[in-house]
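Protein chains in written order, with numbering that gives the first Met the number 0: chain B, 0 to 146; chain G, 0 to 373.
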Amino acid sequence: MKKIVLIISIALIGTSAFSQIEKPVKWSFAIKRESKDEAVVFLKADIQNSWHIYSLDQKDGGPIKTAFTFLPSSAYSLIGKATQPKPYTKFESAFNMNVSYFENAVVFQQKIKLKLGKGTLHGKLEYMTCNNQKCLPPEDLDFAINL
Amino acid sequence: MKNIIMLSGMLALSVSLFSCKDNAAFTISGTIKNPAKLKTVYLLGADSSAQFKAIDSSAINADGSYKFRHSSPYVNLYKLKADTTQFDLVAQNGDAIELNTDLADSQHQYMIAGSETSEKIKAFDDFSKTFTDKNNKIVAEFNAKSQQLGQQPDALLKIYMPLFQKNLAVYSDAVLKFIDDNKYSLAAFYAYTALDAVKYESKLIAYADNIRSNGNLNKNPAVRNFISAMDKIKPLSIGHKAPDFTISSIDGKTVKLSDYRGKYVMVDFWASWCVPCRQENPNVLKQYNTFHSKGFNVLGVSLDKDKAAWLIAVNDDKLTWTQTSDLESFQGRAEQLYHIEAIPSNFIIDPQGNIAAKNIRGADLEVFLNKTIH
């Protein structure tokens, strides 16, 4: 039902002749120290109404999943894998499989162990965004976070 | 001596007469009733991308009055922002515009004078609002009914989507008429933002050509940007020659678009990972099966990078027409040549090699083929 409301809102907005190249997803990054040598990296996506990005564990054979790569460094090491809140999941008959995705806003988290107490974390993220009408080019984004 | 004094007196008189119309700037003034705690109003101006940014502010006096004096080398779109409410207007040097409103009025009614274009924009906004109200009502009714039914809104969608689309079409026609009636006014440029740029691409290109040499409008940076954006997409619009390209098919053969001359061919840009593309595939297959024998071909161009995923999708969706790809996503040669910025995208090319239609899907595709291919 949500889907249908979305279709209608897209039809209403249309594509304005004045809109620049569409950028429906904005990323921001933050870090929070949990203890002397542990911290959590927050990777937040703000997603415009009607668009979505796909979960970290989206199975192959469907849409392209969101993925993070953290470059190895002497300043930190990863604790486990990146985590995500519970995505929306629905069966997509076009793929004959479940598709899980996020809307509006999502914060991914990665726990890290701080080894030097300072330095910079360099990483890369890949994601793809679609609405019910179209998909935009998959994007690679580099980011750097001061520890 | 006396003569000279008289002369300078006359000069002073003529200056004061002229100052009634200030050609170096425009003013926007008026009264805001019931401003409550609001102390300041803002003037927003359109930049070269037609985005509105605050360019000036004015205090609201104890009697509710405010005044802006601003100068601009070209006619431009502005908004007066009072708290969360914004009022559209058009101004150019020499204008003395009056705008009065009452912030206690939930309908945000306002009075504007001193600018014919601004009055036109007000009329346009009023008209747009009646349309939006109508469509909101349709959406609300649809939502209420689908809530009652629960799980299966498909049947409802079949009833409400055409209603919605019909309303949108009626509105778009009225917008086009407004533009035609006000061609050389910035009000028409303003109205164009209400149209779907994909569906009305040809109209937009024609409008850009129409206003290109209008000395009043073409100094405005947003208008200039719009004209150059239209110039960029013009070679790929309906009626123009489809650029030829060579590409490899899934089984390693070389395919040229011009090999399809003599028949209609739809160049279909898609990818295995694109949900809306995969949802449209059954429709393309259905139309292909109906119209292929009558002279309709499809040339699939995939934006996949992973050949295995591409092969699986072609098999799963049972696509029988020629499939091609550079395996370079949006950077492929055909994708670059056709300025593909999102998928699915398609171009239908006529037997002479000209673009006959663009980006038509679902029922629209069937309507087009029924009309065009017999």
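Virtual Cβ for every residue (Gly too), placed ideally from N, Cα, C. Just so you know, these numbers come straight off a predicted model, no measurement behind them.
| Item | Value |
| --- | --- |
| Fully enclosed by the segment 245-312 of chain G, which alpha helix (DSSP H) runs are 4 residues long or longer? | 274-290 |
| Do three or more CB pairs link the segment 68-80 of chain B to the segment 113-132 of chain B at distances below 8 angstroms? | yes |
| Given that isoleucine 52 of chain B touches chain G, what residues does it touch there, using C-beta distances under 8 angstroms? | Those within 8 angstroms of isoleucine 52 of chain B in chain G number zero; the least Cβ separation is about 12 angstroms. |
| Using DSSP bridges, identify the partner residues of glutamate 91 of chain B. | B:Met96 |
| Given glutamate 33 of chain B, which residues of its chain have a CB within under 7 angstroms of its CB, disregarding the five upstream and five downstream residues? | Val39 |
| Name, please, each residue of chain A whose Cβ falls closer than 7 angstroms to the Cβ of asparagine 131 of chain B. | The structure shown contains no chain A; the protein chains it does contain are B and G. |
| For isoleucine 342 of chain G and lysine 64 of chain B, which I take to be in contact (beta-carbon distance under 8 angstroms), what is that distance rounded to the nearest angstrom? | About 18 angstroms; that fails the 8 angstroms criterion. |
| Is it true that the CB of phenylalanine 25 of chain G sits closer than 9 angstroms to the CB of glutamine 85 of chain G? | no |
| Using the Cβ count rule (16 or more neighbours within 10 Å means buried), how would you classify serine 76 of chain G? | Checking the sequence, you will find leucine at residue 76 of chain G rather than serine. Buried is the call here. |
| Note down, in chain order, all residues in the segment 90-114 of chain B with a beta-carbon under 8 angstroms from any beta-carbon belonging to chain G. | Glu91, Ala93, Phe94, Asn95, Val98 |
| Are any of the Cβ atoms in chain G nearer than 9 angstroms to that of leucine 140 of chain B? | no |
| If you reduce the DSSP assignment to three classes, tell me which class proline 84 of chain B lands in. | coil |
| How would you call asparagine 219 of chain G, buried or exposed, if buried means at least 16 neighbouring beta carbons within 10 angstroms? | buried |
| Anything in chain B within Cβ reach of phenylalanine 329 of chain G, meaning under 8 angstroms, just list it in chain order. | Pro136 |
| So, does the CB of isoleucine 46 of chain B fall closer than 9 angstroms to a CB anywhere in chain G? | no |
| Can you find a C-beta in chain B that's less than 9 angstroms from the C-beta of glutamine 286 of chain G? | no |
| Thinking C-beta only, is aspartate 101 of chain G closer than 9 angstroms to isoleucine 31 of chain G? | yes |
| Can you name, in chain order, every residue of its own chain whose Cβ lies under 8 angstroms from the Cβ of valine 264 of chain G, other than the five neighbours on each side? | Leu256, Phe295, Asn296, Val297, Leu298, Ile347, Ile348 |
| May I have a chain-ordered list of the alpha helix (DSSP H) segments no shorter than 4 residues that lie completely inside the segment 105-185 of chain G? | 115-148, 153-180 |
| For leucine 386 of chain G, which three-state DSSP category applies? | Residue coverage of chain G in this structure runs from 0 to 373, which leaves residue 386 of chain G outside it and unanswerable. |
| Under 9 angstroms, CB to CB, which of the residues in the segment 59-87 of chain B have a partner in chain G? | Asp59, Gly60, Gly61, Pro62, Ile63 |
| Compute the Euclidean distance between the alpha carbons of tryptophan 272 of chain G and glutamate 118 of chain G, then round it to the nearest angstrom. | 49 angstroms |
| According to DSSP, simplified to helix, strand and coil, what is alanine 356 of chain G? | strand |
| Would you kindly work out how many angstroms separate the C-alpha atoms of isoleucine 111 of chain G and lysine 176 of chain G, rounded to a whole number? | 23 angstroms |
| Closest by CA to asparagine 345 of chain G, which one among G:Glu97, G:Arg360, G:Gln164, G:Ala312? | G:Arg360 |
| Alpha carbons only, please: which of G:Pro281, G:Tyr259, G:Leu162 is nearest the one belonging to phenylalanine 94 of chain B? | G:Pro281 |
| Thinking C-alpha only, which one of G:Ala58, G:Tyr65, G:Asp46 is nearest valine 74 of chain G? | G:Asp46 |
| With 16 other CB atoms within 10 Å as the buried threshold, where does serine 184 of chain G fall? | buried |
| From B:Gln57, B:Val106, B:Glu37, B:Ala143, pick the residue whose C-alpha is nearest to that of isoleucine 46 of chain B; which is it? | B:Val106 |
| I need the boundaries of the beta strand (DSSP E) containing glutamine 47 of chain B, first residue and last residue. | From DSSP, glutamine 47 of chain B is part of no beta strand (DSSP E); its letter is neither H nor E. |
| Which of the three DSSP states, helix, strand or coil, is assigned to glutamate 125 of chain B? | strand |
| With burial defined as no fewer than 16 other Cβ atoms inside 10 Å of the residue's Cβ, what is the status of leucine 10 of chain G: buried or exposed? | At leucine 10 of chain G the pLDDT is 45, less than 50, meaning the model places this residue with poor confidence and gives no usable figure here. |
| With a threshold of 9 angstroms between beta carbons, is glutamate 33 of chain B in contact with chain G? | no |
| Since isoleucine 94 of chain G contacts glycine 113 of chain G with CB under 8 angstroms, what's their CB separation in whole angstroms? | Per the sequence shown, residue 94 of chain G should be read as aspartate rather than isoleucine. About 6 angstroms; that satisfies the 8 angstroms criterion. |
| By the DSSP assignment, the beta strand (DSSP E) with isoleucine 144 of chain B in it spans what residues? | 138-145 |
| Hey, glutamine 241 of chain G and aspartate 59 of chain B: beta-carbon distance below 9 angstroms or not? | The question names glutamine, but residue 241 of chain G in the sequence shown is alanine. No, the Cβ-Cβ distance between alanine 241 of chain G and aspartate 59 of chain B is not below 9 angstroms. |
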